[in-house]
Amino acid sequence: GNSVTQMEGPVTLSEEAFLTINCTYTATGYPSLFWYVQYPGEGLQLLLKATKADDKGSNKGFEATYRKETTSFHLEKGSVQVSDSAVYFCALRGYGGSQGNLIFGKGTKLSVKP
Amino acid sequence: DGGITQSPKYLFRKEGQNVTLSCEQNLNHDAMYWYRQDPGQGLRLIYYSQIVNDFQKGDIAEGYSVSREKKESFPLTVTSAQKNPTAFYLCASSIDRGYTDTQYFGPGTRLTVL
Chain A
1 GNSVTQMEGP VTLSEEAFLT INCTYTATGY PSLFWYVQYP GEGLQLLLKA TKADDKGSNK
61 GFEATYRKET TSFHLEKGSV QVSDSAVYFC ALRGYGGSQG NLIFGKGTKL SVKP
Chain B
1001 DGGITQSPKY LFRKEGQNVT LSCEQNLNHD AMYWYRQDPG QGLRLIYYSQ IVNDFQKGDI
1061 AEGYSVSREK KESFPLTVTS AQKNPTAFYL CASSIDRGYT DTQYFGPGTR LTVL
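Chains as they are written, first to last, in the working numbering: chain A, 1 to 114; chain B, 1001 to 1114.
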């Protein structure tokens, strides 16, 4: 079945540091890929998505590229801020039936220190 | 403003009691979902509904029940048969179940069984 593996946290960075959170997936065909962010005590917000190979999703300075050859969708940001402290979830969605359900990684907690 | 509301934000119940969590959306979305989140875990799908009066079990449906009598509403009942109900519950919706569709999440309800 479909699955998502993302790097375990927590990740602690200083403000303005470069961020990478690794995400790899297993799926049949070409799923859509998503990054969600969860701030403490809140629901999930869509950060970015990509729906086909080589697509780059971007939002609020975050980027991720859909790499079919390495089955990866790593999240990057060039300069993190304290306000980026949150839990980040990688997710995929396949085609039809139960494959159409959103499958999440376990989340990576990011803490950014001033 | 369009969005998803969940109530209450915090809920306490005694063992052996059923409890119903509310989820309402005004996004005119056809599909709705319930997820459970435990500490350090990703989200796991409990139930989903593609249209009114129809719903399907997700990965962890045992001990839960749902109804979908109106497009806007998808309440979740946590029954006494659920062995470990203490968790954070998230409701989501999407336009439909197309594999590129984005799921939008509510703020969540934290259920604690005393």
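Beta carbons: idealized from backbone N, C-alpha and C, even for Gly. Computed from a prediction, not measured in an experiment: that's the story for all the values here.
Determine, using beta carbons only, whether residue 51 of chain A comes closer than 8 Å to chain B.
Counting from one through the first sequence, the residue named residue 51 of chain A turns up at place 51. Yes, residue 51 of chain A lies at the interface with chain B (some Cβ there is under 8 Å from its Cβ).
Cutoff 7 Å; reference residue 133 of chain A; Cβ partners in own chain excluding five residues on either side:
Coverage of chain A is limited to positions 1 through 114, which leaves residue 133 of chain A absent and any answer about it impossible.
Short-range partners of chain A found in the region 1060-1093 of chain B, where Cβ spacing is below 7 Å
1090
Is it buried or exposed for residue 1109 of chain B, if we count other Cβ within 10 angstroms and need 16 for buried?
For the purposes of this step, residue 1109 of chain B is taken as residue 109 along the second sequence, with counting starting at 1. When all chains shown are included, residue 1109 of chain B counts as buried.
Give me the chain B residues within the contact set of residue 94 of chain A, using Cβ-Cβ distance strictly less than 7 Å, ordered along the chain.
Here the question's residue 94 of chain A lines up with position 94 in the first sequence. The contacting residues are 1099.
Beta-carbon proximity of residue 1099 of chain B to residue 72 of chain A, cut-off 8 Å:
For the purposes of this step, residue 1099 of chain B is identified with residue 99 of the second sequence, where counting begins at 1. For the purposes of this step, residue 72 of chain A is identified with residue 72 of the first sequence, where counting begins at 1. Cβ atoms of residue 1099 of chain B and residue 72 of chain A: not closer than 8 Å.
Residue interval of the beta strand (DSSP E) (run including residue 57 of chain A)
Taking the first sequence and counting its residues from 1, the one referred to as residue 57 of chain A is at position 57. Counting along the chain, the beta strand (DSSP E) containing residue 57 of chain A begins and ends at 56-59.
Same chain, Cβ closer than 8 Å to residue 7 of chain A, five either side skipped, listed in chain order:
Residue numbering aside, residue 7 of chain A sits at position 7 when the first sequence is read from its first letter. Only 21, 22, 23 and 108 meet the Cβ criterion.
Using a Cβ-Cβ distance cut-off of 8 Å, determine whether residue 101 of chain A contacts chain B.
Here residue 101 of chain A is taken as the residue at index 101 of the first sequence, counted from 1. Yes, contact with chain B.
I'd like to check one pair, residue 66 of chain A with residue 50 of chain A: are the Cβ atoms closer than 8 Å?
On the first sequence, residue 50 of chain A is found 50 positions in, with the first residue counted as 1. On the first sequence, residue 66 of chain A is found 66 positions in, with the first residue counted as 1. A contact, by the Cβ cut-off of 8 Å.
Which residue or residues does DSSP assign as beta-bridge partners of residue 46 of chain A?
Taking the first residue of the first sequence as 1, we reach residue 46 of chain A at position 46. Residue 46 of chain A is bridged to A/36.
For residue 104 of chain A, decide whether its Cβ has a neighbour in chain B, counting only Cβ atoms nearer than 8 Å.
Start at 1 with the first residue of the first sequence, and residue 104 of chain A comes out as number 104. Judged by the 8 Å Cβ criterion, residue 104 of chain A is in contact with chain B.
From the DSSP output, read off the bridge partner residues of residue 1074 of chain B.
Taking the first residue of the second sequence as position 1, residue 1074 of chain B is located at position 74. DSSP, once it has assigned bridges, lists no residue as partnering residue 1074 of chain B.
Quick one: is residue 10 of chain A near chain B, going by C-beta distance under 8 Å?
For the purposes of this step, residue 10 of chain A is taken as the residue at position 10 of the first sequence. Output row for residue 10 of chain A: interface = no.
Quick one: list the residues of chain A neighbouring residue 1103 of chain B, beta-carbon separation under 9 Å, in chain order.
Your numbering for residue 1103 of chain B matches position 103 in the second sequence. Simply 34, 36, 44, 46, 91, 93 and 102.
Enclosing beta strand (DSSP E) for residue 1123 of chain B [first to last residue]:
Only positions 1001 to 1114 of chain B appear in this structure, which leaves residue 1123 of chain B out of reach.
Under 9 Å, CB to CB, which of the residues in the region 1041-1060 of chain B have a partner in chain A?
1041, 1042, 1043, 1044, 1045, 1048, 1056, 1058 and 1059
Please say whether residue 1073 of chain B and residue 1016 of chain B have beta carbons closer to each other than 8 Å?
Position 16 of the second sequence, counted from the start, is the residue given in the question as residue 1016 of chain B. Position 73 of the second sequence, counted from the start, is the residue given in the question as residue 1073 of chain B. No. Outside cutoff.
Which listed residue (B/1018, B/1060, B/1042 and B/1039) has its alpha carbon closest to that of residue 1114 of chain B
As a working note, residue 1114 of chain B is residue 114 in the second sequence. Selected option, being the one with the closest Cα: B/1018.
Considering only C-alpha positions, which residue in the set A/63, A/103 and A/84 is nearest to residue 149 of chain A?
No information on residue 149 of chain A is available, as it lies outside the stretch 1 to 114 that chain A covers here.
Coil, strand or helix - residue 79 of chain A by DSSP:
In the first sequence, residue 79 of chain A corresponds to position 79, counting from 1. DSSP places residue 79 of chain A in coil when its eight states are reduced to three.
Under a CB-based cut-off of 8 Å, is residue 40 of chain A close to chain B?
As a position in the first sequence, residue 40 of chain A is number 40, starting the count at 1. No, residue 40 of chain A does not count as interfacial toward chain B.
CA-CA distance, residue 1093 of chain B and residue 1011 of chain B?
Locating residue 1093 of chain B in the second sequence gives position 93, counting from the first residue. Locating residue 1011 of chain B in the second sequence gives position 11, counting from the first residue. Near 22 Å, if we compare the C-alpha coordinates of residue 1011 of chain B and residue 1093 of chain B.
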